[in-house]
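Notes for the one structure printed next.
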Amino acid sequence: MKWVGLIAVLFTGGLLLSAMDDFPKWGDAHSPANASPVSQYYIEKTIEDSGVPNMVTAVLADYRGYDTMFETVVVLIAGIAIMAILRVMNQIPGGARPSPRHEIGDHHDIIIGTTCRLLIPVLQLFALYVIAHGHHSPGGGFQGGVILGASFILTAIAQGLDPALERLPEKSYVKLAFAGVVIYSGFGVMCLLLGENFLDYGVLHVLLPGIDAAEARSHSMLGVEVGVAFTVSAIMFAIYANLASKGELEGGL
Amino acid sequence: MAEQYPILVLLVLLFGALLVGLAGMADRRICFPVTVTALALALAVSLGILQRVINEGVIRYFVAGWSRPVGIGIELRIDTINALVLLTITTVGLLAAVFSFRRVKEDKTEKTPLFYILYLLLIMGLSGMVITGDAFNLYVLLEVSSLTSYALIAMGKSRRAAVAAFSYIIMGTIGASFYLLGVGYLYLRTGTLNMVEIHQAITGLEGVSSAIVVAFVMIIVGLMIKMAFFPLFGWLPNAYSYCPSSTSCVVAPLMTKVGVYVMVRMMLTVFGTEWVFENLQYSQWMVGMAVIAILAGSVMALAQVELKKMFCYIIVAEVGYMVGGAWLANHWGMVGTVYHIMSDAFMTLCMFLAAGIFLKQAGVVRIDQLDGMFRKMPLTMAGFVVGALAMIGIPPTCGFFSKLYLIRGGMESGHWGYVVALLISSLVNAVLFFRIFEIAYFGKKPVEGHGHHADHSERSVIKEARLSALVPLLTTAVIIILLGIFNQDLVDLIERSLKGAEVIGSAVLSGEGGLG
Numbered sequence: 002m003k004w005v006g007l008i009a010v011l012f013t014g015g016l017l018l019s020a021m022d023d024f025p026k027w028g029d030a031h032s033p034a035n036a037s038p039v040s041q042y043y044i045e046k047t048i049e050d051s052g053v054p055n056m057v058t059a060v061l062a063d064y065r066g067y068d069t070m071f072e073t074v075v076v077l078i079a080g081i082a083i084m085a086i087l088r089v090m091n092q093i094p095g096g097a098r099p100s101p102r103h104e105i106g107d108h109h110d111i112i113i114g115t116t117c118r119l120l121i122p123v124l125q126l127f128a129l130y131v132i133a134h135g136h137h138s139p140g141g142g143f144q145g146g147v148i149l150g151a152s153f154i155l156t157a158i159a160q161g162l163d164p165a166l167e168r169l170p171e172k173s174y175v176k177l178a179f180a181g182v183v184i185y186s187g188f189g190v191m192c193l194l195l196g197e198n199f200l201d202y203g204v205l206h207v208l209l210p211g212i213d214a215a216e217a218r219s220h221s222m223l224g225v226e227v228g229v230a231f232t233v234s235a236i237m238f239a240i241y242a243n244l245a246s247k248g249e250l251e252g253g254l
Numbered sequence: 019m020a021e022q023y024p025i026l027v028l029l030v031l032l033f034g035a036l037l038v039g040l041a042g043m044a045d046r047r048i049c050f051p052v053t054v055t056a057l058a059l060a061l062a063v064s065l066g067i068l069q070r071v072i073n074e075g076v077i078r079y080f081v082a083g084w085s086r087p088v089g090i091g092i093e094l095r096i097d098t099i100n101a102l103v104l105l106t107i108t109t110v111g112l113l114a115a116v117f118s119f120r121r122v123k124e125d126k127t128e129k130t131p132l133f134y135i136l137y138l139l140l141i142m143g144l145s146g147m148v149i150t151g152d153a154f155n156l157y158v159l160l161e162v163s164s165l166t167s168y169a170l171i172a173m174g175k176s177r178r179a180a181v182a183a184f185s186y187i188i189m190g191t192i193g194a195s196f197y198l199l200g201v202g203y204l205y206l207r208t209g210t211l212n213m214v215e216i217h218q219a220i221t222g223l224e225g226v227s228s229a230i231v232v233a234f235v236m237i238i239v240g241l242m243i244k245m246a247f248f249p250l251f252g253w254l255p256n257a258y259s260y261c262p263s264s265t266s267c268v269v270a271p272l273m274t275k276v277g278v279y280v281m282v283r284m285m286l287t288v289f290g291t292e293w294v295f296e297n298l299q300y301s302q303w304m305v306g307m308a309v310i311a312i313l314a315g316s317v318m319a320l321a322q323v324e325l326k327k328m329f330c331y332i333i334v335a336e337v338g339y340m341v342g343g344a345w346l347a348n349h350w351g352m353v354g355t356v357y358h359i360m361s362d363a364f365m366t367l368c369m370f371l372a373a374g375i376f377l378k379q380a381g382v383v384r385i386d387q388l389d390g391m392f393r394k395m396p397l398t399m400a401g402f403v404v405g406a407l408a409m410i411g412i413p414p415t416c417g418f419f420s421k422l423y424l425i426r427g428g429m430e431s432g433h434w435g436y437v438v439a440l441l442i443s444s445l446v447n448a449v450l451f452f453r454i455f456e457i458a459y460f461g462k463k464p465v466e467g468h469g470h471h472a473d474h475s476e477r478s479v480i481k482e483a484r485l486s487a488l489v490p491l492l493t494t495a496v497i498i499i500l501l502g503i504f505n506q507d508l509v510d511l512i513e514r515s516l517k518g519a520e521v522i523g524s525a526v527l528s529g530e531g532g533l534g
């Protein structure tokens, strides 16, 4: 079987390499991807359309925002799938299960505890910055959401899963995860209700007096990025909590 | 309102899932009504879409209004072929959801909301794949539908379900990455992701670009894994037979069929039939592999003792029908393939609904446990018989007409091996299903001696299925017959997309002359 696998890999690699000749030159300004009217449009019109200097964010959250909405749904599904497979839900009625929480919770390291205490607020602040600053620099909802989720995970690693779950219980993170997709698709539906196509943010300027369509696009992009961050951070923590406790959400690593 | 239909069909499913997630976690009773309502709305909207496509021609919907230049935003593009497949998906989704009414409660009580969230998102993903006009958007929705189906399969009770889901994840991920690599190569050479634009860029290139050939091979191989085409079907039988009945009823009819649809879409719209059939001479090879797939699937189906496993191998053979039909490179082959996508979805649904009922009411896993079923469950058996006759290909069921078109295509293009394989496979199906009828009608053969009577009293408590299971089964049976009766209208609709659209700039499929 190993040989079959090796042959398959070599064949696929060979196939992919065989087309190298046909590739455009490295950095070629006239390669199809660079010269196509689509790329030209993004480069020339992004500022005019939405005033967002970071073109990547504009493509991701506005021009191809439909894809990004479903990517957010993919993240949500990943969390739901982990819960569907791992989560142990039939609690013994009334009887408290012998929980290992005290043994684990008691001897946590003071150095780790203090470091995390210092680190976590900074991490979370930075996460908010990354989310909000996606318009101007690399960043956005996915990246910021991951950092935010990592800060919750760090809490769980440093203090144990139970204190972390007290701060962010299962009910809350499930709601947060869904709320993120609701925010994202909500922006789209608002555009629908105002008579434009789904996710056509430009029309939202009627809701906020004093801004034009380009600004409305810019602000809506921030809005959907916040939605993405909700879902990503909540699902990050959900996956960690379920994996670390074999779906029992107690004790943890 | 009507111009927003393409997006609405996805939104009702998405918001159904979100509602189940937010409210259903607190009160489990609302999960089922919300799911069925969302699916019924989606079905109504997809009927509306079909109506619009019939009246107005191809629907082009630009998400977020980015229409100029084409390709900066995402386009949803619906012609009669996707409208019909979309209608199939939402109908199967609704019927299988009704069927899940009791089953989910008993399978995993606490996880009912999670099941319905995944279920609705699966139907949303499949619908989105079908209506999109953007090659990358198709990949995103492929991820949505694949991830949900992995999770739904892994929710099975037995450990084998988890193992089967794991190998499905590995295979499915390889398939999806192949597709994505292919789209990457396409983008490299064409600079766009919009299907129609890609097609125009490909036809504008001089000579045969090797990067685009590699892209085509990668996309087709990736889709072959997704649709379980012959040598790459290993993940399918276990995944579909060990998952809960309520899951297999939606996954088995839809996943492979949508894979075939995507292949057809790639051949028709993205690469174009001229390019596929005239620049590349793969037709002979693909039809040859389809013949092997049909024969291998049928032979392996003969060897099975478990009911669901047998259906799984029949699926493998049916995928062979469709891939072969699409690669016959003529009009009737393509018509037959698209028609068979619809009819096979309902036939498979019928089979798995019946298998689910047998398992639930009588604990039937193996074929020989079906004895006396005609007497014990006459209505269930009636539905099952219709599906079985369609699988064999007996008029007026839809199975007969799809085979008719496929065989006609095979004869016109001179692929006699394919024609013979189809006939052999129909014969094998006849053997398989008449064996079941015999057991179910006359009881077990008395070879086993007196042991047969011993468990008779215990078996006689088997009762007819509940209404929530019978209604979907019998509706499916009726649909199978209706699809057969109205086959001419459906073929007219399919032909409209094969002839009219500017993107199929080929004489090959327009009916005037085949490749001969």
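Residue numbers (this note's numbering), protein chains in the order written: chain A, 2 to 254; chain B, 19 to 534.
Every residue, glycine too, gets a C-beta built ideally from N, C-alpha and C.
Just so it is clear, the structure is predicted and the values come from calculations on it, not from any experiment.
Query, Result
"Start and end residues, beta strand (DSSP E) containing A/I212", "No beta strand (DSSP E) holds A/I212; DSSP gives it neither H nor E."
"Residue-chain proximity (B/R78, chain A), Cβ-Cβ < 7 Å", "no"
"CA-to-CA distance, A/E251 to A/P164, given in whole angstroms", "10 Å"
"Partners in chain B for A/D29, counting only beta-carbon separations shorter than 7 Å", "Result: empty, since nearest Cβ-Cβ is about 11 Å, beyond 7 Å."
"Min CB distance B/K244 to chain A below 7 Å", "no"
"Inter-residue spacing [alpha-carbon to alpha-carbon] between B/L139 and A/D110", "43 Å"
"Reduced DSSP category for B/R95 - H, G, I as helix; E, B as strand; rest coil", "strand"
"Chain-ordered neighbours of A/G66 on chain B, where CB pairs are closer than 9 Å", "V81, A82, G91 and I92"
"Proximity below 7 Å, CB of B/I425 to CB of B/V437", "yes"
"Cut-off 6 Å between Cβ atoms - residues of its own chain near B/V52, not counting five sequence neighbours on either side", "G34, L37 and V38"
"Residue-chain proximity (B/V495, chain A), Cβ-Cβ < 7 Å", "It is Ala, not Val, that sits at residue 495 of chain B in the sequence shown. Closer than 7 Å: no."
"C-beta atoms of B/L165 and A/I240 nearer than 7 Å", "no"
"Residue(s) in a DSSP beta bridge with B/N212", "B/D152"
"Assumed close pair B/V305, B/G342 - CB separation to whole angstroms, cut-off 8 Å", "5 Å"
"Residue from B/V76, B/T98, B/I188 and B/T208 with nearest C-alpha to A/S37", "B/T208"
"Inter-residue spacing [alpha-carbon to alpha-carbon] between B/L112 and B/V27", "13 Å"
"Spatially closest choice to A/A118 from A/S219, A/V207, A/I158 and A/G80, by CA coordinates", "Just to set this straight, residue 118 of chain A is Arg in the shown sequence, not Ala. Minimum Cα distance to A/R118 is reached at A/I158."
"The stretch 192-214 of chain A: positions lying closer than 9 Å to chain B by Cβ", "C192, L193, E197, N198, F199, L200, D201, Y202, G203 and V204"
"Contact residues within the stretch 256-268 of chain B, judged by C-beta distance below 8 Å to chain A", "none"
"Nonlocal neighbours in the same chain, by C-beta distance under 7 Å from B/P24, ignoring five residues either side", "I67, I77, Y79, L94, I96 and I149"
"Heavy atom of the ligand GDP within 6 Å of B/F295 beta-carbon", "By its list of ligands, the structure shown contains no ligand whatsoever, and the ligand GDP lies outside what it can speak to."
"CB of B/I92 within 7 Å of CB of B/D152, strictly", "yes"
"CA-to-CA distance, A/L16 to A/D22, given in whole angstroms", "12 Å"
"Own chain partners of B/W350 with C-beta closer than 7 Å, once the 5 adjacent residues on each side are dropped", "Y423, R426, G427 and E430"
"Contact residues within the stretch 78-91 of chain A, judged by C-beta distance below 7 Å to chain B", "I78, A79, I81, A82, M84, A85, I86, M90 and N91"
"Residues bridged to B/Y79 (per DSSP)", "B/L94"
"Contact check, B/I375 vs B/A483, beta carbons under 7 Å", "yes"
"Beta-carbon neighbours of A/E72, restricted to chain B and to distances below 7 Å", "V158"
"Presumed contact (8 Å Cβ cut-off) between B/K175 and B/Y258, rounded CB distance", "In fact, because the Cβ distance is near 15 Å, the residues do not count as touching under 8 Å."
"Residue(s) in a DSSP beta bridge with B/E324", "B/R384"
"Cross-chain neighbours of A/K176 in chain B, by beta carbon under 7 Å", "L40"
"Coarse secondary structure for A/K334, derived from DSSP in three states", "A query on residue 334 of chain A cannot be resolved here, the shown segment of chain A reaching from 2 to 254 and no further."
"Whether B/V54 touches B/A115 by CB criterion (7 Å)", "yes"
"C-beta neighbour in chain B for A/S37, strict 7 Å", "yes"
"Local Cβ density within 10 Å of B/G405, reported as buried at 16 or more and exposed below that", "buried"
"Contact set for B/K244: own chain, Cβ-Cβ below 6 Å, skip 5 residues either direction", "G193 and G277"
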